[in-house]
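Under this note's numbering, the first residue of the sequence shown is numbered 425, with each subsequent residue one higher.
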Amino acid sequence: MVKTHFNIQGLTDEQVLVQRNKFGRNTQEHRKENRLLNTVKSLAKEPMVVLLLVAAAIHFISGEIGDGIFLAAAIILVAAISLYQDSRSRMALEKLQAFTQPMCTVIRNGEQQDIVSADLVVGDNLIVSEGTAIAADGAIIQSNDFSVNESILTGESLPVAKDAAQEDHLVYKGTTVASGLAIVEVTAIGDATQLGKIGKSLEEIGEEKTPLELQINHFVQRMVVIGVVVFLVVWGINYFQSRQVLDSLLKALTLAMSILPEEIPVAFTTFMAIGAWRLMRLGIVVKQMKTVETLGSATTICVDKTGTITENKMRLAKVFSVESGRIADPEKELNADEIAVVQLAMWASEPIPFDAMELALHSAYANLPTPDLRPQFQMQHEYPLSGKPPMMTHVLGNAQGQRVIAAKGAPEALLAVSNPNAELQQKVSNAIKTLAAQGYRVLGVGQSFFEGEYYPEKQQQLPFVFKGLVAFYDPPKANIGAVLNDFYTAGIAVKIITGDNAATTAAIAQQINFRGHEHALTGDELMQLSQDELQQKVASTNIFSRMFPDAKLRIINALKANREIVAMTGDGVNDGPALKAAHIGIAMGKKGTEIARQAASLVLLEDDLSKMVDAVAMGRRIYTNLKKAIQYIISIHIPIILTVFIPLALGWVYPNIFSPVHIIFLELIMGPTCSIVFENEPMEANTMTQPPRPFTNTFFNAKELATSIVQGLAITAGTLYAYQYAVGQGLDEAQTRTMVFTVLIAANIFLTLVNRSFYYSVVTTLRYRNNLVPLIIGGTVVLTALLLLVQPLTNFFEFAPLSKNQLLVCIVTGFISVIWYELVKGIKRLRQPNGVQPQTSFAKARGSAHTGSR
């Protein structure tokens, strides 16, 4: 790799420590928050905690000290569980934030180093290049073709050109480099920067809730309203019957507690935070929680060619000179004309190269059998990459007054400014076709002999001579064919959007068995289409070549107009708008510019597209498991509600079968089951053979909601059967209560096992590796046994011992009230024998069907 730091040594390690002790770290001091106080405040707002407090107070007032102490202890336990879940989610997010810390490049001890931006100190020599977000305020000491977008501070959208010789040679934290490269001496960090001084206002900006979060909140709010109405009705019925205010209030509170599904928001928060953490462990950094929701719905992924499909390890593979008329291999002997083409291409590159092709050109130049003239020539004028198609021009000179004006860019751009005759045009065209057909990336090279001192405003106004072509080979990644097949298997369309020409892209696409490599659309052709025509074209075209920012943005918007859920990979400055517009913007962690990473919602740390397959799989797993958790909550809440309500409403012999202590015990079992057990469920084997789930405005469709309701009603039938069985056997209230409670516990255990999959049988899911399932179920069984066998606990819960036959009736009733759904799943598998397979190649490759995440 070519490196030159203009003899800048930078700070030593000792000087860095001195500066850090003097000025601190390059971070902003945020308002301190009392986490414990905030947690207490949030708990005080929880409806369940409020109900428990009221119920405990009533027990104490009524002289039922034991029940009051139990409910007070339950409040502490509920708070502890909430604290645990909150800390688990917060720790996951903190680890995620640590991974998303921006990096920067500095010169220290005479060496170029990549460091976390927070470790910058005043006096550091910071290297910033195109697409970089500037990490601190500083003064330019060296620059090439350097311009900065300062809109974050000034509101001005146009880039501002800057260099060390200008009066305004300062750059500011938070601004982004629009073009070129500069070395900056850091003058201010953290709160002392211009952005830091105005950054305090950012603390007042709240984070918006995601659509799914809003849906869940609305569902919970509706349940709260229903709970309040039912609470008032039950309170009225009880008071009318007993004329006792506190007793009737307590019984109404029991029902209200059974209605509140407070586990759902906790489950959502836990699933999203832990899901983001799991993705991070895979090398996928999620910047926005809503991305986790959207991943499972992705229907189309738009990918760049260079660095995403290919290795981005450019080497100069071929050289074509107009003079020699042949395509030569630079690793073999080049003639003088071909050497001149390589030299011109290098002069048209940045003196400090950071682009893969420019690095390859500098490397090829260094290997030429000619003297290295780079130290003798200085940049006198430069034209940045511009035009459609683009080109760039550098004007260099030495102390003897010699001048070199070199240009490189798209061959079409160089031909357009060189006025070639028909013979030359045909010769170059044939060479381009030959090289592109072999998958080479081709650049044209030109030279100008302009001798004036006043350069024209645009490089295209210079008189050029077309000198030749340089061709680079960037091989496809070894795993890219398998990655594409995984996307196709998952029902996700793949489209290539590249700045390269169609022939080169098609050649690479053919090598990797890319679907639709036969047809391509260029950026200019695309911009001529009407919106309706474009929507039809983007549906049928999979290769888009010679793309520029506006064209990329039109593709993304047209796909969205076609109701596609679009993911897009990008790494450059010109990818920013499209990354922002896509439902899932994916930036590359290594070669991606800071602008791309800022615009994206997800970052692949290793620049490996296969991780995107894993991300989609994880997104589908998280969403599916969250649905399982919430369906479980709905299914198990229905029998609790109806078992409390129906005996009271119908005037059965034991109208108040449960009290708050029974409800809170059930809640303490259900909470960990839904938010811990289901969150840890492995991905099902058929997950990546299913089409993407529709991205709708409702969390559940009618069939899914109906399934949960019917499951809940079936369990209710089981509990009420146990009630009537006990009454029919002449059992007293305590024994009846014990049987009903035991049926609910048994049904809860079997429901947990059955609902691990709504397709595969429980026999299959028992082989899934989730260590928390036996732990939670075992804990539930042990606790229930203690309540039934330990006399003080039995008395406190107003239970009574059961005979073996009675216990067997409870277990069988709970089993039957749930296991019937296995028949439904069996019918579903018979109807879809070819739609899903119990073990796919994807699942085999990643071991996802029968291996857990822990």
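Cβ atoms here follow ideal geometry from the backbone N, Cα and C, with glycine treated the same way. Since this is a predicted model, take the numbers as computed values, not measurements.
Within 8 Å, strictly: CB atoms of residue i and residue j
| i | j | result |
| --- | --- | --- |
| A602 | V572 | yes |
| C370 | V1178 | This structure does not reach residue 370, given that the chain is present from 425 up to 1278, and the question cannot be answered. |
| A860 | A927 | yes |
| I725 | A991 | yes |
| L953 | A975 | no |
| I698 | F643 | no |
| M1013 | L1029 | It is worth fixing the name first, because residue 1013 is Gly in this sequence and not Met. Yes, Cβ-Cβ distance for G1013 and L1029 is below 8 Å. |
| T617 | D561 | yes |
| V1164 | T1067 | yes |
| P1116 | A722 | yes |
| T1204 | I1081 | no |
| G821 | Q802 | yes |
| V852 | L839 | yes |
| R702 | M1042 | yes |
| I948 | R865 | Residue identity differs from the one stated: residue 948 is Asp in this sequence, not Ile. Against a cut-off of 8 Å, the Cβ pair of R865 and D948 comes out as no contact. |
| Q1055 | E1128 | yes |
| F570 | A585 | yes |
| G905 | N937 | yes |
| P1084 | P1071 | no |
| L1210 | L1217 | yes |
| P754 | V766 | yes |
| V546 | V610 | yes |
| S567 | L605 | yes |
| A481 | P526 | no |
| T1017 | G731 | no |
Nearest-angstrom beta carbon gap, residue j and residue i [assumed within contact, 8 Å]
| i | j | result |
| --- | --- | --- |
| T1140 | I1062 | 6 Å |
| Q607 | I432 | One detail in the question is off: residue 607 reads as Ile in this sequence, not Gln. 6 Å between Cβ atoms; contact. |
| E1103 | A1158 | The Cβ separation is near 37 Å, so there is no contact. |
| Q862 | A944 | 17 Å between Cβ atoms; not a contact. |
| Q884 | V828 | Not a contact, Cβ separation roughly 19 Å. |
| I733 | P900 | 6 Å |
| V1242 | L1175 | 5 Å |
| A1020 | A1011 | 4 Å |
| D728 | T946 | The Cβ separation is near 16 Å, so there is no contact. |
For residue i, the first and last residue of its enclosing alpha helix (DSSP H)
| i | result |
| --- | --- |
| P961 | For the sequence presented, residue 961 should be read as Lys rather than Pro. Its alpha helix (DSSP H) spans residues Q955 to S964. |
| Y1245 | Y1245 to R1255 |
| F570 | Premise fails: F570 lies in the beta strand (DSSP E), D561 to N573, not in any alpha helix (DSSP H). |
| F873 | F873 -> no alpha helix (DSSP H), and no H or E assigned at all. |
| A911 | According to the sequence provided, residue 911 is Phe. The question's Ala does not apply to it. That run of the alpha helix (DSSP H) goes I904 to T913. |
| L983 | P973 to A985 |
| L950 | G947 to M951 |
| L441 | D437 to F447 |
| I1169 | E1157 to V1178 |
| A1224 | Note, A1224: premise wrong, no alpha helix (DSSP H); not H, not E. |
| G1202 | L1196 to L1213 |
| I763 | A760 to W771 |
| I932 | A926 to Q935 |
Residue i - containing beta strand (DSSP E), residue span
| i | result |
| --- | --- |
| T422 | Absent from the structure is residue 422, since the part of the chain shown begins at 425 and ends at 1278. |
| P808 | Q802 to S810 |
| T599 | Careful: T599 lies outside any beta strand (DSSP E) and carries neither H nor E. |
| L1000 | What sits at residue 1000 in the sequence shown is Gly, not Leu. From DSSP, G1000 is part of no beta strand (DSSP E) but of the alpha helix (DSSP H) over G1000 to A1005. |
| F890 | F888 to Y897 |
| N549 | N549 to S553 |
| Q1114 | Q1114 -> no beta strand (DSSP E), and no H or E assigned at all. |
**Study point:** Touch test, the region 888–897 against the region 735–742, Cβ-Cβ under 8 Å, three pairs minimum
**Key:** yes
Check your understanding: Which runs of the beta strand (DSSP E), 3 residues or longer, sit entirely within the region 688–757?
Key -> 708–710, 724–727 and 739–745
Review point. Can at least three beta-carbon pairs, one atom from the region 1049–1056 and one from the region 1025–1038, be found at a separation below 8 Å?
Key: no
Exercise for review: Tell me, please, whether the region 958–965 touches the region 983–990 by the rule of three or more beta-carbon pairs shorter than 8 Å.
Suggested key: yes
**Study point:** Every unbroken alpha helix (DSSP H) within the region 1034–1097, with a cutoff of 4 residues, ordered by chain
**Key:** 1034–1073 and 1084–1096
**Study point:** contact_flag[the region 542–559, the region 593–600] where n(CB pairs < 8 Å) is 3 or more
**Key:** yes
Check your understanding: Does the region 816–834 come within contact of the region 757–774, defined as at least 3 CB pairs closer than 8 Å?
Key -> yes
Check your understanding: Are the region 1188–1201 and the region 1056–1074 touching, with three or more C-beta to C-beta distances below 8 Å?
Key -> no
Practice item. Taking only runs that begin and end inside the region 841–870, name each unbroken alpha helix (DSSP H) of 4 or more residues, in chain order. Key: 846–861
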